[in-house]
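Residue numbers -22 to -1, 1 to 333, in mature numbering (1 follows the signal peptide of the UniProt record, and there is no 0), belong to the letters of the sequence shown in order.
One structure is given below, encoded as structure tokens.
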Amino acid sequence: MGWNNGLILIFSLQFFLSNVYCLHRSQFKPSFLFGTGTSSYQIEGAYLEGNRALSNWDVFTHTRDGSNGDIADDHYHRYMEDIDLMSTLGVNSYWFSISWSRILPKGRFGDVNQAGISFYNKVINAILARGIEPFVTIHHFDVPQELVDQYGAWLSSEIRKDFGYFAEVCFKAFGDRVKYWTTFNEPNMVTKLGYMIGMHPPGRCSQPFGNCTYGNSSLEPYIVAHNIILSHATAVDIYRKYYQAKQGGHIGIVIAATWYEPLMTTTADILVAKRAMAFNQYWFLDPIFFGNYPSVMRQMLGPNLPTFTPEEKTLLKEKLDFIGINQYTTTYAKDCIHSTCVIDAFDGNALVLTT
């Protein structure tokens, strides 16, 4: 990619060290951060307490198989126990997310929920008191259901204003202590899981990618991604203009970065591995660095892929201080343009079979 700036932080790198017998913390520089991470919906519970409103996940899980996050790990009530346990692990950083529904139950159309502000203040103060550095994610898959009902959330460009407003509320309330911000956690997964295969809220998709009541898997994921990318740029622009200099923090984005290798050493499979990378991580990173989507996406998607205006390209330019990488796996990629195969629903628009 030829990126010449940006600090790459690896938040979640899963690997095996089967032959490493003597690895000590003393081998790392004192500034090296060992951490743990969570997301608000997965741990907080208390889904209707403290004036919190329903999120898209609350509605989605309550209408599926009955599994839900109403209580989850009960972190809302037991956060001090959790932080004490964190401290005993010896970690010196904690990556967590802010529940949009707990801070702005009605988005920018309602009041800031002071009970939500108070909760996160207590969490931040408690971890800092134990020498743990907070890394805060503004969006980790959840939005207020109010915004879904009003205009379709990420399907509408209207959400860019809401996200910018939410981000600024967070900067104002917590930025004096939070020095590391991520706008989005895995926006490529939000897009694919929610709007391509329909496994996450709002459960929208179309054949052959999934069996949903509503949605268009060949169009909607690219509208959603476009709005997320511009929402990211909006939040970073606000932070840099009004908060970064006085608060001294950093802001970036976290991508789920599956690595693709060609299944065979054929030219077609070598090219499809690169194509799969473009349709996964470069989909979100190229606009931020270069002001446009990967050319192979434009070639394959045509008018289904939105375009950036000159003003939006200017807004996007180098809108990050670091890239976060969540790297879970490497997969083999087989070309489905020049050979017969059943395309992978998750990477289907790239015409690839993964294994």
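Where a beta carbon is used, it is the ideal one built from N, C-alpha and C, also for glycine.
Given the structure is predicted, the values throughout are model-derived calculations rather than measurements.
Residue interval of the beta strand (DSSP E) (run including residue i)
i             : result
histidine 117 : 111 to 117
glycine 13    : 13 to 15
histidine 210 : Here histidine 210 belongs to no beta strand (DSSP E); instead the alpha helix (DSSP H) covers 198 to 220.
threonine 236 : Taken as a continuous stretch (DSSP letters only), threonine 236 belongs to no beta strand (DSSP E), as it is neither H nor E.
leucine 125   : Careful: leucine 125 lies outside any beta strand (DSSP E), inside the alpha helix (DSSP H) at 123 to 129.
arginine 331  : In the sequence on display, residue 331 carries leucine and not arginine. Taken as a continuous stretch (DSSP letters only), the beta strand (DSSP E) holding leucine 331 covers 330 to 332.
First and last residue of the uninterrupted alpha helix (DSSP H) at residue i
i              : result
asparagine 29  : No alpha helix (DSSP H) holds asparagine 29; DSSP gives it neither H nor E.
glycine 47     : No alpha helix (DSSP H) holds glycine 47; DSSP gives it neither H nor E.
isoleucine 137 : 137 to 152
asparagine 163 : It is not in any alpha helix (DSSP H) - asparagine 163 instead sits in the beta strand (DSSP E) that spans 158 to 163.
threonine 39   : 34 to 40
isoleucine 21  : 18 to 21
Euclidean distance between Cα positions of residue i and residue j
i                 : j                 : result
asparagine 34     : phenylalanine 119 : 9 Å
glutamine 222     : serine 134        : 28 Å
leucine -10       : leucine 63        : Residue placement at leucine -10 is flagged as unreliable, the pLDDT there being 42, under the threshold of 50; the coordinate-derived value follows with that caveat. Between leucine -10 and leucine 63, the C-alpha separation is close to 22 Å.
proline 83        : valine 250        : 43 Å
alanine 311       : proline 240       : 5 Å
tryptophan 261    : methionine 278    : 13 Å
alanine 254       : phenylalanine 300 : 23 Å
alanine 246       : tyrosine 192      : 34 Å
proline 180       : asparagine 166    : 15 Å
glycine 47        : isoleucine 61     : 20 Å
leucine 67        : arginine 108      : 12 Å
arginine 3        : lysine 150        : 35 Å
glutamine 305     : arginine 86       : 34 Å
glutamate 146     : isoleucine 95     : 13 Å
serine 65         : lysine 7          : 19 Å
tyrosine 72       : threonine 115     : 11 Å
lysine 100        : asparagine 91     : 15 Å
isoleucine -13    : leucine 26        : Summary for isoleucine -13: the model assigns pLDDT 44, below 50, so the residue's position carries little reliability, and this model does not support an answer.
arginine 56       : phenylalanine 141 : 29 Å
valine 69         : lysine 139        : 36 Å
aspartate 89      : valine 121        : 16 Å
glycine 326       : glutamate 59      : 44 Å
phenylalanine 113 : arginine 276      : 35 Å
histidine 316     : proline 288       : 36 Å
phenylalanine 10  : serine 184        : 45 Å
cysteine 319      : isoleucine 248    : 16 Å
glutamine 5       : phenylalanine 12  : 13 Å
serine 45         : serine 17         : 17 Å
isoleucine 229    : leucine 298       : 6 Å
methionine 242    : aspartate 43      : 40 Å
glycine 176       : lysine 170        : 8 Å
histidine 53      : tyrosine 19       : 10 Å
cysteine 314      : serine 273        : 19 Å
phenylalanine 268 : lysine 252        : 18 Å
valine 37         : alanine 31        : 11 Å
valine 330        : alanine 131       : 29 Å
tryptophan -20    : serine 79         : Note that tryptophan -20 scores 40 on pLDDT, short of 50, meaning its location in the model is unreliable; the coordinates nonetheless yield the value given after this. Between tryptophan -20 and serine 79, the C-alpha separation is close to 36 Å.
Distance between beta carbons of residue j and residue i, contact taken as under 8 Å
i             : j                 : result
glycine 15    : phenylalanine 97  : Not a contact, Cβ separation roughly 18 Å.
glycine 302   : valine 232        : 3 Å
aspartate 51  : glycine 23        : 7 Å
isoleucine 76 : cysteine 190      : Rounded, the Cβ-Cβ distance is 29 Å, inconsistent with contact.
glutamate 164 : alanine 234       : 4 Å
arginine 117  : threonine 161     : In the sequence as displayed, the identity of residue 117 is histidine instead of arginine. Correct: roughly 7 Å between the Cβ atoms.
isoleucine 49 : phenylalanine 144 : Wrong, their Cβ atoms sit about 25 Å apart, outside the cutoff.
glycine 188   : alanine 323       : 6 Å
Contact test: residue i Cβ vs the ligand ZN heavy atom, cutoff 7 Å
i         : result
serine 77 : With respect to small molecules bound, the structure shown includes none, and the ligand ZN cannot be examined in it.
Residue-level contact to chain D via CB, residue i, 8 Å cutoff
i           : result
glycine 227 : Here there is only one protein chain, and chain D is not present.
| query | Counting Cβ pairs closer than 8 Å, one from the stretch 194 to 206 and one from the stretch 269 to 288, do we hit at least three? | reply | yes
| task | Any chance you could list the beta strand (DSSP E) runs of at least 3 consecutive residues sitting entirely within the stretch 68 to 118, in chain order? | result | 71 to 75 and 111 to 117
| task | Count the CB pairs spanning the stretch 148 to 163 and the stretch 122 to 138 that are closer than 8 Å, and state whether there are at least three. | result | no
| request: Mind listing, in chain order, the continuous alpha helix (DSSP H) runs of no fewer than 4 residues lying wholly within the stretch 253 to 321? | output: 261 to 268, 273 to 279 and 288 to 294
| task | Determine, using beta-carbon pairs with one atom in the stretch 288 to 296 and one in the stretch 204 to 216, whether at least three such pairs fall under 8 Å. | result | yes
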